[in-house]
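Student:
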Amino acid sequence: MKWPTSTDVEDKKMTIPSRSELQGVSGTKAKAREKVLFIFNPVSGKSQIRTDLVDILEILSANDYMITCYPTKCRGDARNLVRDRKEDYVYVICAGGDGTLDEVVSGMMENPDKPFVPIGYIPSGTTNDFANSLGIPSDMKEAAKVIAGGRTYLCDLGRFNEDSYFTYVAAFGVFTETSYQTPQDLKNTLGHMAYILQGVMDLGNIRTYHFRVESAEFSAADDFVFGMITNSKTVGGFPDITGSEVDMSDGLFEVTLIKMPQNILELNDIVQYLGGMAHTSDLVYRFKTSHLVLESDEPVRWTRDGEFAGAFKRVELTNLNKKMKIIVSAENRK
Numbered sequence: 018m019k020w021p022t023s024t025d026v027e028d029k030k031m032t033i034p035s036r037s038e039l040q041g042v043s044g045t046k047a048k049a050r051e052k053v054l055f056i057f058n059p060v061s062g063k064s065q066i067r068t069d070l071v072d073i074l075e076i077l078s079a080n081d082y083m084i085t086c087y088p089t090k091c092r093g094d095a096r097n098l099v100r101d102r103k104e105d106y107v108y109v110i111c112a113g114g115d116g117t118l119d120e121v122v123s124g125m126m127e128n129p130d131k132p133f134v135p136i137g138y139i140p141s142g143t144t145n146d147f148a149n150s151l152g153i154p155s156d157m158k159e160a161a162k163v164i165a166g167g168r169t170y171l172c173d174l175g176r177f178n179e180d181s182y183f184t185y186v187a188a189f190g191v192f193t194e195t196s197y198q199t200p201q202d203l204k205n206t207l208g209h210m211a212y213i214l215q216g217v218m219d220l221g222n223i224r225t226y227h228f229r230v231e232s233a234e235f236s237a238a239d240d241f242v243f244g245m246i247t248n249s250k251t252v253g254g255f256p257d258i259t260g261s262e263v264d265m266s267d268g269l270f271e272v273t274l275i276k277m278p279q280n281i282l283e284l285n286d287i288v289q290y291l292g293g294m295a296h297t298s299d300l301v302y303r304f305k306t307s308h309l310v311l312e313s314d315e316p317v318r319w320t321r322d323g324e325f326a327g328a329f330k331r332v333e334l335t336n337l338n339k340k341m342k343i344i345v346s347a348e349n350r351k
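Be aware that the sequence shown starts at 18, since it is given in this note's numbering, and climbs by one per residue.
1) Find out if the Cβ-Cβ distance for the pair ARG224, ALA238 is shorter than 8 Å.
2) Can you give me the C-alpha to C-alpha distance between VAL329 and SER298, rounded to a whole angstrom?
3) What's the gap between the Cα of LEU220 and the Cα of PHE325?
4) Whose CA, out of LEU282, VAL242, SER123, ALA95, lies closest to the CA of LEU274?
5) Under DSSP, the alpha helix (DSSP H) around ILE281 begins and ends at which residues?
6) Distance, Cα to Cα, PHE235 vs TYR302?
7) Quick one: measure Cβ to Cβ for ARG100 and GLU127, integer angstroms, because I've assumed they're closer than 8 Å.
8) How many angstroms separate the CA atom of ALA160 from the CA atom of TYR138?
9) Would you decide whether ASP264 is buried or exposed? Buried here means 16 or more other CB atoms lie within 10 Å of its CB.
10) So, ALA148 versus SER155, is the Cβ gap smaller than 8 Å?
11) What are the start and end residues of the beta strand (DSSP E) that includes THR117?
12) Can you tell which of SER313, HIS308, GLY113, LEU300 has the C-alpha that lies nearest to the C-alpha of ASN338?
13) Measure from the alpha carbon of SER232 to the alpha carbon of each residue in SER78, GLU104, ALA295, VAL310, then state which is nearest.
14) Measuring alpha carbon to alpha carbon, tell me which of ASP257, THR247, VAL122 ends up nearest GLY268.
15) Round the Cβ separation of ILE66 and MET157 to the nearest angstrom and send it over; I've been treating them as touching at under 8 Å.
16) Which runs of the beta strand (DSSP E) spanning at least 3 residues fall entirely within the region 129-184, listed in chain order?
17) Between GLU271, TYR290, GLU312, VAL163, which lies nearest to ASP240 when the distance is taken from Cα to Cα?
18) Is it true that the CB of GLY152 sits closer than 8 Å to the CB of ASN349?
19) Ordered along the chain, which non-local residues of its own chain (more than five positions away) have a Cβ less than 8 Å from that of ALA347?
20) Decide if LEU118 is buried, meaning its Cβ has at least 16 other Cβ atoms within 10 Å, or exposed.
21) Taking only three categories from DSSP, how would you classify PHE304?
22) Expressed to the nearest angstrom, what Euclidean distance is found between the alpha-carbon atoms of THR68 and ILE343?
23) What does the alpha-carbon distance come out to for the pair ILE279 and TYR226?
24) Classify ARG331: buried if its beta carbon has 16 or more other beta carbons within 10 angstroms, exposed otherwise.
25) Taking just the CA atoms, how far does GLU262 sit from ASP286?
26) From what residue to what residue does the alpha helix (DSSP H) around ARG224 run?
27) By the 10 Å Cβ neighbour count, where 16 or more other Cβ atoms means buried, how is GLY244 classified, buried or exposed?
28) Distance check for CYS111 and ILE56, CA to CA, integer angstroms please.
29) Report the three-state DSSP secondary structure of VAL252 (helix, strand or coil).
30) When you compare only the Cα positions, how much space is there between ARG92 and ASP72?
Encoded structure:
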């Protein structure tokens, strides 16, 4: 029996036998093994998964799991697959960008008949903020080794209004449309530079959004150019932009709201503060909270984990403390 090629797996959903079952083919009695669902986005990042797929499967099969593989074909595919799953899996593993992980988590939350099982994440996107925050390697084969020998970490999960979820960021305003408006082939070719180029193009269209903001810790009504509610140590590839003290399992979001700079000096003031080179800024509100409501007089476009979430007049964000189970390195004590 031979291992499948990436073409074999990309054509349709298929199951990879465990090593003990391969031994059973040659005469050794095989044991019944626990099942693992492996979902991967074949075009995420630079499509490197196509090159590393067989190596990844071999690493994952070392624990004698029965691995069912499924390549995503369109947006929402991973979410629907996890939501509608009938079989019991000990793990759900996903390979892709932060958007693919978001879909897997959302699908798991939307399946009332199945428990939230630990998720193994193999990052293959352009920024991979969530993986970086948890110390998950960017090398896909190394990330697979973490899944094969790691431990389960209980991480906070964000709820967006009543029926949507986000793993690490919900945001509005300038630059937030960059991720989902930048073509995939440009992301694959230029990486982070694609986001920067698209962001520069957005600068000529900067506008402010008037919000009434309410939480137990903070209340204000003001005009903002950008806002993000996060549970991550990096956003957009920038480390510590959410603050220097981030605990991803403390039940609290890090909230950053930025007002419109009127000149280059005020813009520099914002950059200095976000970069940790200044202690305060009159143009930035930053606080922690477990629950937050933002209301505006007109619909405002939001993103969740870098993907378009819709336009809303009212957004309610709730921290679901330690709701998400994610596999991290056994040495990782985050």
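Beta carbons: idealized from backbone N, C-alpha and C, even for Gly. Because the structure is a prediction, the values reported are computed rather than measured.
Tutor: This is what the structure gives:
1) no
2) The sequence given here has Phe at residue 329, not Val. Cα to Cα, PHE329 sits roughly 28 Å from SER298.
3) Here LEU220 scores only 49 on pLDDT, less than 50, and its place in the model is too uncertain to base an answer on.
4) VAL242
5) Residues 281-291.
6) 9 Å
7) Right, the Cβ-Cβ distance comes to about 5 Å (below 8 Å), so this counts as a contact.
8) A straight line joining the alpha-carbon of ALA160 with that of TYR138 spans about 7 Å.
9) Looking at its Cβ environment, which holds fewer than 16 other Cβ atoms inside 10 Å, ASP264 is exposed.
10) yes
11) Here THR117 belongs to no beta strand (DSSP E); instead the alpha helix (DSSP H) covers 115-126.
12) HIS308
13) VAL310
14) Residue nearest to GLY268 within the set ASP257, THR247, VAL122 is THR247 (criterion: CA-CA distance).
15) 7 Å
16) Correct list: 136-140, 168-177, 181-183.
17) GLU312
18) yes
19) When the five nearest sequence neighbours on each side are left out, the beta carbons in the same chain lying within less than 8 Å of the beta carbon of ALA347 are those of GLY166, GLY167, ARG168, in order along the chain.
20) buried
21) strand
22) 25 Å
23) First, the residue type needs correcting, since residue 279 is Gln and not Ile in the sequence shown. In this structure, the CA atom of GLN279 is about 15 Å from the CA atom of TYR226.
24) exposed
25) 21 Å
26) No alpha helix (DSSP H) holds ARG224; DSSP gives it neither H nor E.
27) Here GLY244 is buried. Its C-beta has 16 or more other C-beta atoms within 10 Å.
28) 5 Å
29) strand
30) 26 Å
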